[in-house]
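The structure under discussion appears below in the form of structure tokens.
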Amino acid sequence: MEEEVAQTTSSISHRHARLSRAHRGVERGIVRLRRGVSRWNVGGLILCLPMWSRYILSKDVMYGKRRRKTHEEGMS
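The numbering of the sequence shown is numbering that gives the first Met the number 0, which starts it at 0 and goes up by one.
Below, the structure is given as structure tokens:
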């Protein structure tokens with residue numbers, strides 16, 4: 000009985016070690032990402048926002064009846 004418990008605890012600790020190692024790698028990757036993102040995130044957001052808003056608006060307008068009007072205005 001005691002041996003079984005010891006086995007399970009050892010396997011759990013081993014699994015935990017593997018998990019912690021993976022977690023550490025993930026954390027490191029997140030930190031690296033955060034550092035890289037913080038540099039150009041603002042610029043990227045500013046660049047992407049008009050595109051996204053236009054895309055969302057065009058999607059919304061597509062279902063409305065104002066689509067043709069806005070399309071003609073955009074073309075002219």
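Beta carbons: idealized from backbone N, C-alpha and C, even for Gly.
Alpha carbon to alpha carbon, how far is residue j from residue i? Give it in angstroms, no decimals.
i     : j     : result
SER75 : TYR54 : Confidence in SER75 is poor, its pLDDT being 49 and thus under 50, which makes the residue's placement too unreliable to answer from.
LEU18 : ARG31 : 20 Å
LYS58 : ARG20 : 44 Å
LEU56 : LEU46 : 16 Å
PRO49 : GLY43 : 11 Å
GLY28 : HIS22 : 10 Å
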